[in-house]
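What follows is a set of notes on a single structure, which appears directly below.
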Amino acid sequence: MKRYVLGIDTSAYTTSIALSAIDGSEIIADKRKILDVPSGQKGLRQQDAVFQHLRNFQELYSEIEPDLKNISIVSVSSRPRNLDGSYMPVFTVGQNYGKIIAKTLGCVYMEYSHQENHIAASLLDNYKEISDNILALHISGGTAEFLRIKKAEKGYAAVIQGGSKDITFGQLIDRIGTLMEFPFPCGMHMERFLDMRAHTEKIKAPAISGDSYINLSGIENYYSNL
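Numbering follows numbering that gives the first Met the number 0, with no gaps: position 146 of the sequence shown is 145.
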């Protein structure tokens with residue numbers, strides 16, 4: 000009998016549920032739904048995002064077909080980072096649903112940070128070969144950080160070594176995207192737009208200061224003034 004891991008992530012703009020074989024050999028289900036942002040708005044209030052996650056989760060969970068009684072572990076993104084005080088209300092939706100499901104099925108419940116899951120996804124194919132510290136660049140809607148990472152007893156221990164002093168890459172993409180009248184969040188729409196264009200412009204990489212930090216607002220200002 001196959002045993003499964005149920006993964007849940009209710010982050011800033013996407014409700015995600017995945018079901019995989021416990022040994023990682025197979026992804027049985029991968030369900031995602033981007034939150035709706037009204038036209039012209041540049042984001043959602045946390046209370047509105049929480050409401051949409053509540054609605055989306057029920058819809059996506061009902062679409063998973065394998066026998067859920069075979070779930071051995073429920074794993075949830077519970078916070079943005081592995082730092083004291085790291086918190087966003089949207090993650091409580093996944094936490095609460097995850098705890099209820101794990102309690103109902105009598106299986107193991109585990110929590111990780113959203114950032115850890117980004118890192119784990121990038122290392123999935125060579126996790127066993129990693130033994131020493133590694134340097135990771137974490138680019139998302141809320142962070143742009145250089146991290147020194149090592150395996151911990153559970154998940155990863157990360158120390159910030161540098162990053163962006165002002166806005167993140169996600170904010171940069173969304174701010175330029177909204178100026179181009181793409182729906183928010185803009186990344187997916189801009190990617191599709193660029194896929195249809197033969198000519199693209201390579202932007203100059205932002206300079207890294209002596210303390211390992213960069214500034215991205217200059218790129219925003221440049222493209223905002225075109």
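A virtual CB, placed ideally from N, CA and C, is assigned to each residue, including glycine.
Burial state of residue i, where buried means 16 or more other Cβ atoms lie within 10 Å
i, result
"Val-49", "buried"
"Pro-184", "buried"
"Gly-84", "exposed"
"His-198", "exposed"
"Ile-202", "exposed"
"Thr-265", "What the structure shows of the chain is the stretch from 0 to 225, and residue 265 is not part of that stretch, so it cannot be assessed."
"Asn-55", "buried"
"Leu-43", "buried"
"Phe-90", "buried"
"Gly-176", "buried"
"Ala-101", "buried"
Residue i vs residue j beta-carbon contact at 7 angstroms
i, j, result
"Val-75", "Glu-110", "yes"
"Arg-147", "Gln-160", "yes"
"Ala-143", "Ser-163", "yes"
"Ile-33", "Thr-13", "yes"
"Ser-19", "Val-4", "yes"
"Cys-106", "Ile-63", "no"
"Lys-41", "Leu-59", "no"
"Ile-27", "Arg-2", "no"
"Ile-172", "Gly-186", "yes"
"Gln-45", "Pro-79", "no"
Of the residues the options, the one placed nearest residue i, counting alpha carbons only
i, options, result
"Asn-116", "Gly-6, Leu-34, Leu-82", "Gly-6"
"Tyr-226", "Asn-132, Leu-123, Ser-77, Ser-121", "The question about residue 226 has no answer, for the chain in this structure spans 0 to 225."
"Leu-82", "Glu-152, Val-158, Gln-51", "Val-158"
"Pro-205", "Gly-23, Glu-219, Phe-192, Arg-196", "Glu-219"
"Tyr-212", "Ser-15, Glu-200, Asp-165, Gly-176", "Asp-165"
"Gln-94", "Ala-156, Ile-133, Ile-16, Ala-151", "Ile-16"
"Glu-152", "Ser-130, Gly-141, Gly-23", "Ser-130"
Beta strand (DSSP E) segment containing residue i, residue limits
i, result
"Ala-48", "Taken as a continuous stretch (DSSP letters only), Ala-48 belongs to no beta strand (DSSP E), being part of the alpha helix (DSSP H) at 45-60."
"Arg-78", "70-78"
"His-188", "Per DSSP, His-188 belongs to no beta strand (DSSP E); it is in the alpha helix (DSSP H), 186-194."
"Tyr-3", "3-9"
"Asp-29", "26-33"
Enclosing alpha helix (DSSP H) for residue i [first to last residue]
i, result
"Gly-141", "Premise fails: Gly-141 is in no alpha helix (DSSP H) and is neither H nor E."
"Gln-160", "No alpha helix (DSSP H) contains Gln-160, which is instead part of the beta strand (DSSP E) from 155-163."
"Leu-171", "168-178"
"Ile-218", "216-223"
Closer than 7 angstroms to chain B by CB, residue i
i, result
"Asp-210", "No chain B is part of this structure, which consists of one protein chain only."
Subject >> Ordered list of beta strand (DSSP E) runs contained in the stretch 90-116, each at least 3 residues >> reply: 107-112
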